[in-house]
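Participant: Residue numbers (the numbering used here): 260 to 338. Ideal Cβ positions, reconstructed from N, Cα and C, are used throughout, including at glycine.
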């Protein structure tokens, strides 16, 4: 009867869309193991060092000044 009256189906927060579960970290054995994860993603070794963090400082300062984020420091993503 509720279905016929459409009482619950007219709410804005109830969408009739599929749930996107593209990547579940609960099933990833490498999620909490940094050493094994670095084997599959070696670029993390390039971005997790002191020089990369210093480049992020410059990128954050330029973003705070009103400029766009630098494409050369894409791992920083602004601030």
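Helix, strand or coil: which one does DSSP assign to residue 313?
Facilitator: Three-state DSSP puts residue 313 in a helix.
Participant: Any Cβ of chain D within less than 8 Å of the Cβ of residue 338?
Facilitator: Of the chains in the structure shown, none is chain D; there is only one protein chain.
Participant: Taking residue 332 as the reference, which of 295, 325, 296, 319 has the closest Cα?
Facilitator: Nearest option by C-alpha distance: 319.
Participant: Reducing DSSP to helix, strand and coil, say where residue 332 ends up.
Facilitator: Correct three-state label for residue 332: helix.
Participant: How many Å lie between residue 301 and residue 312 at the Cα?
Facilitator: Roughly 17 Å between the two C-alpha positions.
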